[in-house]
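Top to bottom, those sequences are chains A and B. For the first sequence, our numbering assigns the number 16 to the initial residue and increments by one for each residue that follows. For the second sequence, our numbering assigns the number 51 to the initial residue and increments by one for each residue that follows. Each residue gets a CB set at the ideal place from its N, CA and C atoms; glycine is no exception. Predicted model, so just to flag it, every value in this text is computed and none were measured. First the structure, in the form of structure tokens, and then the observations on it.
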Amino acid sequence: MKITSSVSLLAIGAVLLAGTAQADKWSDQFPHIKNSGDIPGQCSYEAMSKKDYSGQKLTINTHAVPVMGEPTALHAEQFSALTGAEVKVIHTPAGDLYSKAMIPFQAGQTPYDIVFGFSNFLRDWKQYLQPIPAKYVNMKQMQDVTQGHIDVNSWGGEMIQFPIDGDRHYLKYRRDVIDNPEYQAKYKAETGNELRIPQTWKEYAEMAEFFNGWDWDNDGELEYGSAEVMKKDDLMYAAFFSRSVAYSKNPRVKGGFFFDLETMEPLINGPGFVAALTDWVEATKYVPPGGMNFGLGDEINSFGGGQTLFSYSWDDAFVAAMQDDSPIKNKVGAAPLPGSDRVWNRLSGAWEDTYNQAPYIVWGWTAAVAKESKNHDMAFDYLCFFANDANHQADIAIGRFGVNPFRKSDFLPEIYVKNQGWDPEIAQQYSETLLEMEEGSTNLVFPLRVPGVFQFNSAVATGTAKALAGQLSPQEALDEVAVEWKKIVKRIGADTVREAYAIGVALEDSE
Amino acid sequence: MNFKHKYMFLLPGLLVLLAILIFPIGFTVRLSLSSWDSFYPGLDFIGLENYVRLFTDDSRFWEAFGRLSLLSLTTVFLQYIIGFSLALLVWKEIRFQRLFRVLFLIPMMTTPVIMTVVWRTVFHESLGPVNDFFSLFGMQPLWLSSEILSKFTVILVEVWQWTPFMFLLLLAGLLSLPKEPYLAASIDGAGPIRTFVYVTFPLMAPISIGAIIIRLIEASKIMDTVYVLTSGGPGTSTETSSFYIFIKGLREFQFGYSAALSITYLIIMIISFTVIAKILVKLMVRGE
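Now the structure itself:
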């Protein structure tokens, strides 16, 4: 991925902002797009109103309300009003999205025309999905999608899932604390260190511990160090990988982050991962009471509600903190995930004492059309309409929708200042952080996308949960995970897993 | 009506039985002999491989089974004690008897998953009202993230939800007891405790055994409470057999293996309940 020049980005932004219509007949009819009005494009409101799908039925399986479920239903209603299609939306809990689609897929049935899920389902689902037709792949709307998210939704160069969301894990922090001169002096006096955006996980831990368990924002409530997804089976493995990348993703070592691509030996119990898990076990001391049982929703509410100094994971906590009804609006900042002052080199079998940082382009929401659906045209039109410029701009402004930036034009700070009332400095920092992760780093880690991905992730969740609960030491826990991974590889077949894993490794190594 | 006609009348019932009971069990047995997972869908035949894996290489299942035994025996024991006490309380004529009878049944009438979400909020360690109260005394118990307390919380929620069921069965039993033994006990000068020990309890033994076995069967399938409250955590400290089978089957999509787990679990349960019923009869009916 090449660094996009600021000039071209500004040009895209200028075109988008200039092309942004204000209140028009469509925004009168659909208040959701009141800020932008309809924006011309292949799947705009205007374009969709010329389609006629009367008498046809579209069935969609999506997530529960609100995250992704609410925009799915809203855009279904709009699509129905514009085209005359009957759209049935079925809401499913996140944990069941995979199986609810996979069971009929395997049984040769097609109860859903469109299935929503996570981008890391791709390897298991791809044979049941219809690749995105060229007319959508080549349209202007799609050309605005970052290369990273084109890659996330593609398999072997063919786009199979429709980009509707962009995700990465990054650091969120309280600017009103970290930038506070009084606290900076206090921190310096008591620890001898600078209070700044943490550059390493060690600094993160020190600051989180310092600001743990006292009322540092004078709201009469206790505040804590960090809110993290630690609840077993609730996406905790993704949080663990976020903490692992700095220690384990060595830019000088190619050929795999999760496995050694050549031998398919798991690397999950290597010293880098063990160091990350050791840090994570320590983190249980500076999370809010019960933080060890925090799922993603708890993390969003905790940081978004002003309970903690730090958080890291998907965008949602940041967007929630920046909503109008948030007590900490314009008091938060975004930064890349902390790094580490050493990184493991598995080839030399030694630590390299050098600063390392690696962005984790974690999986996110995506949607695709079932191969056996009888309504391909209508289904792709719906997805295209879902992600059209006007809907997308409106959707990313609503934290609970779970739609996050994945287009080049999303990284323009002006959008957040104008549409969402963000402080310009915060908008600038947020945009730069996300863009830098997408296009600036050469040390990216992509999510595991191999057959049986749930078995691998479930093993990580169980192992790390045991370490967090003190049932096993970090090394014992990850040794157990490695043993389980070896068994899974053996069951599925090393060559099969390697073939799939090689696609992700190629993306990482081409940086 | 000849012999064949009789079978014609039985046929609809037999077909329904076949469709809803025999076929699923037969299919599960067949599934357990296959390697069906997310990558290899289909009923291939791998013999007893899944069962060998279960008995030689899956300590997590057996640990979950141990935990299940602890949770289900404890919850049912507590439900029996509390349910029996409440039934005795409203058995005799007391004020607001009808109101109490209805009140005691309310938890059972609520939806378990929704109530567990409510309980999770109540026991939320930093935002829940229970810890708000405890914080007045400088305490913040880790209801959901301590290995020991999380088990206690699961037990508490289960007891709250299902004690009314035990109460209902035992109250129905008490109301159906004959009056004569009580008259005899009264004439003999027996006090309330002796009457309970020598009359009520023995007379209630068959009903008690039925209620306990029914509740044990239900408790052994504990899943929704664990799923919502702790997801089996912290670590694996509240992971039960059914939750583990759910993870293997519907999270990891190892259909073949989870079918083997289910069949093994079913056989263990049938044997266990048969043994438990015999022991209860021995203890409660024969008094041995």
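Boundaries for B:S109: no beta strand (DSSP E) harbours it, while the alpha helix (DSSP H) harbouring it runs S109 to W141, taken from the DSSP string. Contact between the region 321-340 of chain A and the region 222-240 of chain B is not established, with fewer than three Cβ pairs separated by less than 8 Å. Nearest CB-CB separation between A:D234 and chain B: not below the 9 Å threshold.
In the three-state scheme derived from DSSP, where H, G and I count as helix and E and B as strand, B:N181 is classed as helix.
Looking at the DSSP output, A:M174 sits in a beta bridge with A:S169. Judged by beta-carbon spacing, A:Y262 lies beyond the 9 Å limit of A:N360, meaning their Cβ atoms are not closer than that value.
Residue pairing by DSSP places A:A385 opposite A:L144 in a beta bridge. Listed as beta-bridge partners of A:A242 by DSSP are A:S326. Against chain B, the CB of A:Y239 has a partner CB under 9 Å away; the residue lies at that interface. By the CB criterion at 9 Å, A:V460 and A:F272 fall inside the cutoff. Its Cα nearest to that of A:G305, the residue B:W193 stands out among B:G76, B:Y101, B:S322 and B:W193. Fewer than three pairs of CB atoms, one per stretch, sit closer than 8 Å, so the region 174-192 of chain B makes no contact with the region 120-139 of chain B.
Here B:G63 carries a helix assignment [DSSP, helix/strand/coil]. Secondary structure at A:D438: coil, using DSSP grouped into helix, strand and coil.
Bridge partners of A:D230 according to DSSP: none are assigned. By the Cβ rule, the region 157-176 of chain B does not count as touching the region 245-261 of chain B, because fewer than three pairs are nearer than 8 Å. Beta-bridge analysis with DSSP links A:D275 to A:E280. Against chain A, the beta carbon of B:T286 has neighbours under 9 Å at K247, T477, A480, K481, A484 and Q486, listed in chain order. At a C-beta separation below 8 Å, A:F469 has these neighbours in chain B: S88, R301, E302 and F303. A:K155 is positioned such that its CB atom lies no closer than 9 Å to that of A:V347. Against B:P91, the close residues of chain A are Q121, in the order they occur along the chain (beta-carbon pairs closer than 7 Å).
Shown here, A:I376 sits in coil according to DSSP, grouped into three states, outside any helix or strand. Taking C-alpha positions only, A:L210 is separated from A:R189 by approximately 12 Å. Comparing alpha carbon positions, the residue from B:W212, B:L68, B:E289 and B:V168 closest to B:M273 is B:E289.
Residues of chain A with a Cβ closer than 7 Å to the Cβ of B:S195 are, in chain order, G305, M307 and N308. For A:Y202, the enclosing alpha helix (DSSP H) starts and ends at P196 to T206. Any Cβ of chain B closer than 9 Å to the Cβ of A:S328 would place that residue at the interface, and such an atom is absent.
Of A:K344, A:T299, A:K386 and A:E297, the smallest CA-CA separation from A:G320 is found for A:K344. Taken through DSSP and simplified to helix, strand or coil, B:T213 comes out as helix. Taking a cut-off of 8 Å for Cβ pairs, the region 277-287 of chain B and the region 476-492 of chain A touch, as three or more such pairs fall below it. For A:S355, the three-state secondary structure derived from DSSP is strand. Buried is the label assigned to A:N227, since at least 16 other Cβ atoms lie within 10 Å of its Cβ. Contact of B:T280 with chain A by beta-carbon distance below 9 Å involves K246, K247 and N308.
For A:D368, same chain residues with a beta-carbon under 8 Å away, outside a window of 5 residues either side, are D356 and R357 in chain order.
Annotation: A:K481 is outside any beta strand (DSSP E); the continuous alpha helix (DSSP H) that includes it extends over V468 to L483. Closest by C-alpha distance to A:K103, out of A:E92, A:P286, A:Y113 and A:G110, is A:E92.
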